[in-house]
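Structure, as structure tokens:
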Amino acid sequence: MKTFIDLSVPITPRVREPIPAHVHYASHKDGALQAAAALQLEPHNFPESQAWATETVTLNTHTGTHVDAPWHYWPTSEGKPARTIDELPLEWFFGNGVLFDFTGKPPGYEATVDDFQQQLEEMGYALKPLDIVLVRSDADKYMYEERYPMMHVGVSAQATCWLIDQGIKVMGTDGWGWDIPLPLQAADYRREPREGVLWAAHYVGIDKEYCQIEKLANLDRIPQRFGFQVVCFPVKVEKGSAGWARPVAIIEA
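The opening residue of the sequence shown carries number 0 in numbering that gives the first Met the number 0; numbering runs sequentially from there.
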């Protein structure tokens, strides 16, 4: 028996992110009006003057739960044109999950290589190529609050490099972003302008090809740290820097 755990946030303007979604709902009555106009009929020709219900959604490819493609980070990756979301191998997005728990760290903490290695030692697990790494900080519990983009633990550039060197191609977070919150990066840079502060983990993609899943949810519902599968196929946006996804953890009973 399998248990399926939804790891996505909903597409709704209620999620408090800087680029929110907008959803226009057309009712069944609206559908009858549309259908009648298109087919040279009258709305009352349809049962109870009702036809199809539809939604028109306006959103950025980085709104909601999504997968970042290498093209998002830089025009090139590993010395070649960076691949867009529709060019990536599907094999990357179905694999064994490994859950790292940073709920004991404060928002804005930057996870290090030592942090990941220590947790692996505690788990008694060694990362394998194409494992899908999930970083839990429970930031999704604040998704309907203004402070949501500030509530996650980020991952350092060094730790991101290290994960890729272990054969990881897809890594995800329940935070708004993979790096520490952007305002914290900016404040650090203003104090001491230097390279390696702004968007540092994302820029790892210039030299090492990989993908991030951002704005995951419900990682607290996964009952084990490894020994489960993750499915996170991105929507095929032509030439897109990202694609929306509905990641799912699959637990074998």
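We put the CB at the ideal spot given by N, CA and C, even for glycine.
Everything numeric in this text was worked out from a predicted model, so none of it was measured.
Can you give the beta carbon distance from residue i to residue j, rounded, assuming they're within the 8 Å contact cut?
i: F232; j: N95; result: That belief does not hold up - the Cβ atoms of F232 and N95 are roughly 16 Å apart, past 8 Å.
i: E109; j: G153; result: 5 Å
i: H151; j: P105; result: Contact flag wrong, Cβ pair sits at about 10 Å.
i: W198; j: Q184; result: 7 Å
i: L129; j: E77; result: That belief does not hold up - the Cβ atoms of L129 and E77 are roughly 17 Å apart, past 8 Å.
i: P17; j: P148; result: 6 Å
i: A81; j: P74; result: 6 Å
i: P19; j: T62; result: 7 Å
Answer with buried or exposed for residue i, where buried requires no fewer than 16 other C-beta atoms within 10 angstroms of its C-beta.
i: P246; result: buried
i: R135; result: buried
i: H21; result: exposed
i: I84; result: buried
i: Q211; result: buried
i: L40; result: exposed
i: A200; result: buried
i: T92; result: Strictly speaking, residue 92 in this sequence is Phe, with Thr absent from that position. Its Cβ being crowded by 16 or more others within 10 Å, F92 is buried.
i: W51; result: exposed
i: T64; result: buried
i: D38; result: What sits at residue 38 in the sequence shown is Leu, not Asp. So L38 counts as exposed.
i: G166; result: exposed
i: D164; result: exposed
i: S26; result: exposed
i: K168; result: buried
Does the beta-carbon distance from residue i to residue j come in below 9 Å?
i: D100; j: Q118; result: yes
i: A31; j: Q49; result: yes
i: T57; j: W243; result: no
i: Y202; j: L162; result: no
i: G171; j: I221; result: no
i: S7; j: K214; result: yes
i: A241; j: D139; result: no
i: T102; j: D187; result: no
i: Y24; j: E47; result: no
i: F3; j: I249; result: yes
i: A158; j: V230; result: no
i: Y72; j: I205; result: yes
Quick one: what does DSSP say residue i is sitting in, helix, strand or coil?
i: E213; result: strand
i: F115; result: helix
i: M149; result: helix
i: E120; result: helix
i: F92; result: helix
i: W161; result: helix
i: S136; result: coil
i: E47; result: helix
i: V14; result: coil
i: L98; result: strand
i: Y108; result: coil
i: W70; result: helix
i: H201; result: helix
i: A125; result: coil
i: Y188; result: helix
i: Q253; result: Residue 253 is absent from the model: the chain starts at 0 and stops at 252.
- Message: Any contact between the segment 67-74 and the segment 135-153? By contact I mean 3 or more CB pairs, one from each, below 8 Å.
- Response: no
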